[in-house]
Amino acid sequence: MAYNRNQKHRNHSSTNQRGDKPRKQFRKKLGRHEFFVEGNPSGVKVPDASTGTLERALKYLKRQMKDSDTIGKLRANKEFIKPSAKRRKQMQDAVRKQQLRDKISKEYWDKFTWIVPPSKDIGPDLPL
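Take the sequence shown: its letters are residues 2 to 129, numbered as in the numbering used here.
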């Protein structure tokens with residue numbers, strides 16, 4: 002097909018190459034700043050009603066919750082643990098750590114070789 006200046010370019014028409022379907026609408030890419038709510042770190046806004054915007058807003062909200070550890074705190078409060086059980090677990094952890102420190106220290110000192118400097122009259126003469 003030869004190029005003719007008087008002919009309209011197919012790329013500039015409002016339909017695709019075959020001419021039977023309209024082109025897809027241009028979708029504006031939204032950044033994270035579009036979903037940010039000033040002064041409310043645990044909230045997001047949905048900027049418009051286009052498809053996929055709600056899902057992106059939810060994704061951004063989940064990310065905010067994960068970063069601020071809000072979900073972790075909620076999961077920690079899911080089950081009530083008695084204060085005495087917390088103290089008991091804390092004490093058991095401390096005892097376990099101390100036993101491990103003692104074991105490592107004992108192994109170190111068992112393998113340690115004490116070096117006693119010889120008296121001056123025993124062995125070769127060493128320069129001072």
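Glycine is no exception: its CB is placed at the ideal position from the N, C-alpha and C atoms.
What are the boundary residues of the alpha helix (DSSP H) that includes residue i?
| i | result |
| --- | --- |
| W110 | P84 to K112 |
| R64 | T54 to D68 |
| R76 | T71 to A77 |
Among residues of its own chain, excluding the 5 on either side of residue i, which ones have a beta-carbon nearer than 6 angstroms to its beta-carbon?
| i | result |
| --- | --- |
| Q65 | none |
To the nearest whole angstrom, what separates the beta carbons of residue i and residue j, a pair I think is in contact under 8 angstroms?
| i | j | result |
| --- | --- | --- |
| L31 | T54 | 7 angstroms |
| P42 | S85 | With 8 angstroms as the limit, P42 and S85 do not qualify as a contact, their Cβ atoms being about 36 angstroms apart. |
Determine, using beta carbons only, whether residue i comes closer than 8 angstroms to chain B.
| i | result |
| --- | --- |
| A50 | Among the protein chains of the structure shown there is no chain B, as only one such chain exists. |
Say the cut is 7 angstroms; is the CB of residue i nearer than that to a heavy atom of the ligand MG?
| i | result |
| --- | --- |
| E39 | In the structure shown, the ligand MG is absent, as is every other ligand, since no ligand is present at all. |
Residues in its own chain within less than 7 angstroms of residue i by CB, not counting five upstream and five downstream?
| i | result |
| --- | --- |
| W115 | none |
| I72 | M66 |
| said: I'd like to know if the region 57-64 and the region 29-49 are in contact, where contact means that at least 3 CB-CB pairs between them fall below 8 angstroms. | reply: With three or more CB-CB distances shorter than 8 angstroms, the region 57-64 counts as touching the region 29-49.
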